[in-house]
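The opening residue of the sequence shown carries number 10 in the numbering used here; numbering runs sequentially from there.
Written out below as structure tokens is the structure these notes cover.
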Amino acid sequence: MEKAYGGQVVIITGCTTGGIGNALARAFAAEGCTVVATSRSVRSMSDLEQDSRFFLQELDVRSEESVQHALSTVLERFGQIDVLVNNAGVQCVGPVAEVPLSAFQSTFDTNLFGPIRLIQAVVPHMASRRKGTIVNVGSVTALSPGPWTGAYTASKAAVHSLTDSLRFELKPFGIDVITVVPGAIVSNIGNSALAGYDKMPEWKLYKPFEAAIRYRANLSQRPDSTPTQVFAKKTVEAILKKNPPPWFCYGRFSTMMSIMYHMPLFLRDLAFRKLMKS
Ligand SMILES: NC(=O)c1ccc[n+]([C@@H]2O[C@H](COP(=O)([O-])OP(=O)(O)OC[C@H]3O[C@@H](n4cnc5c(N)ncnc54)[C@H](OP(=O)(O)O)[C@@H]3O)[C@@H](O)[C@H]2O)c1
């Protein structure tokens with residue numbers, strides 16, 4: 010069994026080059042952690058391949074078998090998992106009334122059931138050591154949901170809610186639970202949202218809103234979005250604190266969305282109508 014240098018073994022889902030998971034992997038490694046970087050294909054993390062600080066592992070969060078295989082490989086190799094970061098996620102753009110049910114199901118399967126699969130697989134190990142940290146990545150969109158991303162936002166709202174329950178339930182076992190809530194962060198999410206959008210059926214009622222819907226798909230990817238590395242460094246600093254915060258919200262729009270969360274609905278709706286041209 011290989012010794013984990015730096016003490017902590019961190020496993021992160023969705024570490025494709027250019028995304029938040031990849032930057033988190035680098036930031037944990039910079040803090041001396043042993044990082045198990047996972048994604049659906051090892052090829053998508055080839056930038057980490059030649060660096061011995063990373064152990065690369067294929068893991069599809071939608072497959073129970075893949076989750077079990079990855080976790081048992083990691084436990085065989087390192088004997089411990091200290092931090093699990095449920096980062097993998099997919100956008101889903103389109104009007105709630107017309108997005109196919111299969112797209113809703115697949116979004117929830119990745120964004121909500123994916124983290125649940127990993128949590129259920131890792132908790133027995135963490136509980137037996139009476140230590141560990143579970144990080145679930147949510148989104149500021151769930152603080153103030155607007156139009157055109159109902160499936161995604163609902164899945165992230167469920168992640169927030171689930172994480173709150175989990176925090177109480179895992180406290181007796183010495184496991185910390187953190188909701189990480191990114192604002193608009195530079196990543197591949199805009200491109201993959203557009204690729205997913207192009208596979209949607211032609212809208213029946215919503216053709217006139219096509220431009221506004223497309224605009225929403227890439228809204229997080231702006232010139233002033235928070236650089237991935239900046240977000241990752243701040244997030245890892247928060248996670249590795251002796252007493253980590255239960256909620257860590259950071260990045261472009263995070264303050265605005267937190268304020269909107271507390272606004273009367275009529276004001277929030279007004280703001281969204283202006284922003285989203287809806
Ligand atoms: N960027 C933002 O502005 C922003 C804002 C709020 C929240 N977030 C959240 O941050 C997290 C990271 O997203 P990102 O912005 O870095 O987007 P990204 O660059 O598209 O990364 C998403 C990652 O999730 C992976 N993934 C998708 N389905 C998977 C599956 N079934 N199994 C395993 N991995 C899977 C992707 O792998 P593939 O490359 O194989 O598709 C990719 O590695 C997500 O949970 C996202 O919802 C992002």
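Ideal placement from N, C-alpha and C gives every residue a C-beta, glycine not left out.
**Q.** With 16 other Cβ atoms within 10 Å as the buried cut-off, status of SER153
**A.** Buried: at least 16 other Cβ atoms inside 10 Å.
Q: With DSSP collapsed to three states, give me the class of ALA46.
A: In the three-state scheme derived from DSSP, where H, G and I count as helix and E and B as strand, ALA46 is classed as strand.
Q: Mind checking who VAL146 pairs with in its DSSP beta bridge?
A: Partner(s): VAL189.
Q) What span of residues does the beta strand (DSSP E) with ASN200 cover, start to end? A) Careful: ASN200 lies outside any beta strand (DSSP E), inside the alpha helix (DSSP H) at 198 to 206.
(Q) At the level of alpha carbons, what is the spacing between TYR14 and VAL168? (A) Low confidence applies to TYR14: its pLDDT is 48, below 50, so where it sits in the model is not reliable, and the reading given next is rough at best. Going by the C-alpha atoms only, they are around 31 Å apart.
Q: Return the chain-ordered ranges of every alpha helix (DSSP H) run that is complete within the segment 37 to 92 and spans a minimum of 4 residues.
A: Qualifying alpha helix (DSSP H) stretches, in chain order: 73 to 87.
Q. Relative to the C-alpha of GLN100, which residue among PHE122, THR162, SER48 is closest?
A. GLN100 has its Cα closest to that of THR162, out of PHE122, THR162, SER48.
Q.
Going by C-alpha to C-alpha distance, which of ARG139, ALA193, ASN145, PHE257 sits closest to PHE122?
A. Out of ARG139, ALA193, ASN145, PHE257, ASN145 has the C-alpha closest to the C-alpha of PHE122.
Q | Unbroken alpha helix (DSSP H) run spanning ILE248, endpoints | A | Taken as a continuous stretch (DSSP letters only), the alpha helix (DSSP H) holding ILE248 covers 237 to 248.
Q. Residues bridged to ASN95 by DSSP?
A. In DSSP, ASN95 forms a bridge with ASN145.
Q.
Using the three-state DSSP reduction, which class does GLY103 fall into: helix, strand or coil?
A. Annotated three-state conformation of GLY103 is strand, per DSSP.
Q | Host alpha helix (DSSP H) of ILE222 (start-end) | A | Here the alpha helix (DSSP H) through ILE222 covers 219 to 226.
**Q.** Reference ALA241; option with closest CA among ARG35, GLN17, PHE262
**A.** For ALA241, the nearest C-alpha among the options comes from ARG35.
(Q) Mapping the DSSP letters down to three states, classify ARG231 as helix, strand or coil. (A) Coil at ARG231, not helix or strand.
Q.
Is LEU3 a contact residue of ligand 1, with contact defined as CB to any heavy atom under 7 Å?
A. Residue 3 lies beyond the stretch modelled for the chain, which goes from 10 to 287, so this question has no answer here.
(Q) Could you tell me the alpha carbon to alpha carbon distance between PHE87 and ALA151, rounded to whole angstroms? (A) Their Cα atoms are separated by approximately 36 Å.
Q: For the beta strand (DSSP E) containing PHE117, list its first residue and its last residue.
A: Segment 110 to 117 is the alpha helix (DSSP H) holding PHE117; no beta strand (DSSP E) there.
Q | Limits of the beta strand (DSSP E) - the one that ILE20 falls within | A | Per DSSP, ILE20 belongs to the beta strand (DSSP E) from 18 to 21.
Q. What are the boundary residues of the alpha helix (DSSP H) that PHE281 is part of?
A. It spans 274 to 285 - the alpha helix (DSSP H) in which PHE281 sits, taken as one unbroken run.
Q | contact_flag[the segment 43 to 61, the segment 18 to 34] where n(CB pairs < 8 Å) is 3 or more | A | Counting Cβ pairs under 8 Å, three or more are found: they touch.
Q) When we look at the beta-carbon of VAL105 and count the other beta-carbons within 10 Å, is it buried (16 or more) or exposed? A) Flag for VAL105 reads exposed.
Q | With 16 other Cβ atoms within 10 Å as the buried cut-off, status of MET272 | A | Result: exposed.
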